[in-house]
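Residue numbers (UniProt numbering), protein chains in the order written: chain A, 1 to 319; chain B, 1 to 445.
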């Protein structure tokens, strides 16, 4: 047992060789060790993850009401069952924001995953020049925080500042990146730009784990690079594709920084444009933490259902 | 140490979780500090006051006070501005039973803080005797029922900032009425210039314009709030801007002081902006704008309403958990109404319009190079500050109300009329009041 050298002192080790009783004590230490080592993580996990979730669920069932002009005649809070959930779901803007993200996800996630896969395959192909340089270049946008990325892009979207709009006007085109119909896709563009390289890296990692013999065998059989990609690489990176897609589905529902920052230049983005923005507004502008908690729980449930639905779908396909 | 069993760990986890749920359920702010006896002023010991504010270099102002008042030491702490993080911070500090002695709170947010029992009623500490040092309109906005809940710190009387050369191109001078404004706007449009923008996503500007026309949206009465957002004054403004937007006299593509606005203003595609006094500092950011701008009184409704209006403005309010409300009040009054306090606030913090009618601050008495050498503060804003709607009062869910109204206004882009947007918003706002348990009724006009 290698644990002996790591957990026992020299004296203990000597005892251990001689009898059964110390062996049981050593067993205790062995049992304790993982908990001790895990303790810092578990504490953090408990206080910053589990506890907030439970608090949020708890507060989503409470309703606070005030009476008088400014609540001076008393404030009462009571257990409200699903009132807050009903209120969140009755809020047309909140439900609309979920549908909006649904539309966003259906378009943006496939585009991004396909782009990431194509980039990964190109960089991992035998004829790629300077793959390291390009890998870093494609990954670079992920290193820029979403807030900064949005500020940068907003200068390309704002009429009067944007060289793209000026160039389009030159050619007689009138483009409006921030209109009510287009701004969602302007956000999709920022998100795609930021995360394609990140997803590409995950796919490359899996591509690298494909054993060389498979390629050799395929080449001996006379397979073209296209055939290799289709019949070997894509099936073998399927787990990475599933993983990146699930991450992207969850990320879509949590979209927050991009629309919030873009709000200052795009009047079409309202205070409840995405589900997370809606929960934020409810909590911090409306001071209604209970309904915000209900919204947060609903967002989590939808993200859970969608990502597990997707996993079920892909599992069934592969089995 | 005994090993933890999985069950023990789980048990401990659930136990502390249950504790979290319980503490999440207790509602902070259920008791009012204003029902408790007043706290007498401290004797002998040095009193320490903290002041949370988003003004830069506020400590330099506090240091002047500290040098003169060895018994009361004020420490300024910078926080993010109200809606971008300052208020949530204050709310959570209040909920936890702490917080600073003084906090910067916007005029319109005072009632929201009253809703969580977050403010000290300063009339119990003798605030009334300072009332005559402050602008009457502003004092009315911090006074509710029988109390005073903040000391006005700055305000934003409104006027029109304009580019004389662009106005001259259309053969015009600053319009004195909204009717003239619309005519000039039409002439400017022939030369591809907008007279101004109309922000659909920030309803507070519309609110200020309605205020000028004589609206009073909310009134606290004995049996709850009375609301009237569809009174003739508001409807007049809504109809006017419905037409202005439909006729393409104003642009709704960008908000005031956004990057798009600055681009249009510096390229000469935007001739003017009707905004608050604090707009001067922002307009000075228009590149190549020096000497090209001037200030004129805002247009009026010739037969009705007021000469000017107000946009923005904040207070120094004493928060509920302060142990030294009396000293905090004295400092706030000194800072906001004494000559040295006002001058220091302007020099170090670049604060908005002075809340006292008698003194606008030494730096504001000089002519401005950027604004064509005009002494616009004395010529335009001093009278404007006296011509505001004195009856206006704020209500407990202003932030939510402005969000609701802005969200409605966004429908204007798809053809809805502002007139209908205001009416629809009023219904939503009334529902939000009732949702909080507050009583509200529609005022019969």
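No residue lacks a Cβ here, since even glycine has one placed at the ideal position from N, Cα and C.
Note that the coordinates shown come from a computational prediction; the quantities given were computed from them, not determined experimentally.
- As DSSP reads the structure, residue 430 (chain B) sits in no beta bridge.
- In chain A, no part has a C-beta under 7 Å from the C-beta of residue 377 (chain B); the shortest such distance is about 28 Å.
- Residue 316 (chain B) is bridged by DSSP to B:104 and B:151.
- Of the residues B:140, B:214 and B:44, the one whose Cα lies closest to the Cα of residue 108 (chain B) is B:140.
- A direct Cα-to-Cα measurement between residue 205 (chain B) and residue 269 (chain B) gives close to 21 Å.
- Interface criterion not met: the Cβ of residue 127 (chain A) is under 7 Å from no Cβ in chain B.
- Beta-carbon to beta-carbon, residue 56 (chain B) and residue 421 (chain B) are separated by about 37 Å, too far to satisfy the 8 Å threshold.
- Burial state of residue 96 (chain B) is exposed, judged by a 10 Å Cβ sphere holding fewer than 16 other Cβ atoms.
- According to the DSSP secondary-structure assignment, residue 310 (chain B) is paired through a beta bridge with B:157.
- Three or more pairs of CB atoms, one per stretch, sit closer than 8 Å, so the segment 204-218 of chain A contacts the segment 229-246 of chain A.
- The beta carbon of residue 164 (chain B) sits closer than 6 Å to the beta carbons of 294 from its chain, once the five residues preceding and following it are set aside; these are given in chain order.
- Residue 90 (chain B) and residue 195 (chain B) have their C-alpha atoms some 40 Å from each other.
- By the rule that beta-carbons nearer than 7 Å mark a contact, residue 224 (chain A) does not touch chain B.
- Only residues of its own chain outside the window of five on either side were considered, and among them none has a CB closer than 7 Å to the CB of residue 106 (chain A).
- Interface residue (Cβ-Cβ distance to chain A less than 7 Å): residue 407 (chain B) is classified as such.
- Counting only residues of its own chain and dropping the five nearest sequence neighbours on each side, residue 138 (chain B) has a CB closer than 6 Å to the CB of 152, 155 and 355.
- Following the DSSP letters along the chain, one finds residue 375 (chain B) in no beta strand (DSSP E), marked with neither H nor E.
- Chain-ordered, the chain A residues with CB closer than 8 Å to the CB of residue 252 (chain B) read 267.
- Residue 221 (chain B): member of the beta strand (DSSP E) spanning 218-221, first to last residue.
- Per DSSP, the unbroken beta strand (DSSP E) holding residue 441 (chain B) starts and ends at 440-442.
- Residues of the same chain with a CB within less than 6 Å of the CB of residue 391 (chain B), apart from the 5 flanking positions on each side, are 216 in chain order.
- With respect to chain A, the C-beta atom of residue 189 (chain B) has no partner C-beta closer than 7 Å.
- Against chain B, the beta carbon of residue 281 (chain A) has neighbours under 7 Å at 403, listed in chain order.
- With its beta carbon at least 7 Å from every one in chain B, residue 78 (chain A) lies outside the interface.
- For residue 264 (chain B), the chain A residues whose C-beta falls within less than 9 Å of its own C-beta are 159 and 160, listed in chain order.
- Under the three-state reduction of DSSP output, residue 258 (chain A) falls in the helix class.
- Rounded to the nearest angstrom, the gap between the Cα atoms of residue 62 (chain B) and residue 341 (chain B) is 9 Å.
- Note on the segment 73-146 of chain A: whole alpha helix (DSSP H) runs with a minimum of 4 residues are 83-90, 92-124 and 131-139, in chain order.
- Under the 10 Å beta carbon count, residue 82 (chain A) is surrounded by fewer than 16 other beta carbons and is classified as exposed.
- In this chain, the beta strand (DSSP E) harbouring residue 294 (chain B) covers 294-296.
- Proximity to residue 60 (chain A) across A:113, A:84, A:192 and A:312 peaks at A:84, based on C-alpha coordinates.
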